[in-house]
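Trainee: Here it is, the structure, as structure tokens.
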Amino acid sequence: MSQFITISPQEALQLIKKHPEISILDIRPQEDYKKEHIPKAENIDYDGHQFQRKVEKLDKNQPYIIYCKSGVRGGYFMDKMRESGFIGAFNIQGGFIAWKISKLPLNTE
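Structure, rendered in structure tokens:
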């Protein structure tokens, strides 16, 4: 899975089912994450002060599914991951909004 591509919410769900070990990164603000998020997603707030430090702790030898609110920042972050030597990342097209509109599984707190 060493690729960097944008995929649909449905493709992301299939990838999660096929590879349960894949990590899911929610890069929205923590307040949004706390309200609702994709199951098993880990929050790394893109605008947070600790963002770069948290990214540096991630395992570069593992692929990630990433999403933001609408897909734009996720695409930018995916490019940064490629530049930083990660082996692969998948950005959800349309981000969390598209996931929710598609009525895919959610965790709410």
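According to our numbering, the sequence shown is numbered sequentially starting from 1132.
Here a beta-carbon is modelled for each residue, glycine too, at the ideal position from N, C-alpha and C.
From a predicted model like this one, the values you see are computed outputs, not experimental measurements.
In the DSSP assignment, find the unbroken beta strand (DSSP E) run with Tyr1195 in it and report its ends.
Mentor: 1195-1198
Trainee: So, with DSSP's three-state summary, where would you put Asp1163?
Mentor: helix
Trainee: Given this structure, state the Cα-to-Cα distance separating His1180 from Leu1235, to the nearest angstrom.
Mentor: In a straight line, the C-alpha of His1180 is about 30 Å away from that of Leu1235.
Trainee: Inspect the beta-carbon positions of Trp1230 and Tyr1195 and report whether they are closer than 8 Å.
Mentor: No, the pair does not count as a contact, with Cβ atoms beyond the cut-off.
Trainee: Measure the alpha-carbon distance for Pro1170 versus Leu1237 and round it to whole angstroms.
Mentor: 6 Å
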